[in-house]
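In the working numbering, the protein residues as written are -16 to 93.
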């Protein structure tokens, strides 16, 4: 490929291959080049600004332990009451025939 001797190459000329591989010259486009959220860190709180109000109150491990212990203690007490009631009922049912037999023996001896 030859150029005419009187043709001057512009100072900012780039070959078409270089133009295709580089960024586009149109800067009126506001499309971000990369995701902003991945490059930004956490926001720092401004000096003198009020602290952010927490949305949920965090419980200390001791408070959680105490709540769990109280719940377990209540459940154990309820369970123990039910077990005792069931045992009394079962024992009364099992001992009733023996009680009846003893009453019959007392009547026959009298």
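Where a beta carbon is used, it is the ideal one built from N, C-alpha and C, also for glycine. Note that the structure is predicted; figures quoted are calculated from it, not measured.
In the three-state scheme derived from DSSP, where H, G and I count as helix and E and B as strand, residue 54 is classed as helix. Within the same chain, and ignoring the five residues on either side of residue 70 in sequence, no residue has its Cβ closer than 8 Å to its Cβ.
When secondary structure is reduced to three states using DSSP, residue 28 falls in the coil class, being assigned neither helix nor strand.
Residue 73 carries a helical assignment under DSSP once its states are collapsed to helix, strand and coil. Taking C-alpha positions only, residue 51 is separated from residue 87 by approximately 54 Å. In the structure shown, residue 82 falls within a helical segment according to DSSP collapsed to helix, strand and coil. The straight-line gap separating the alpha-carbon atoms of residue 42 and residue 58 is approximately 22 Å.
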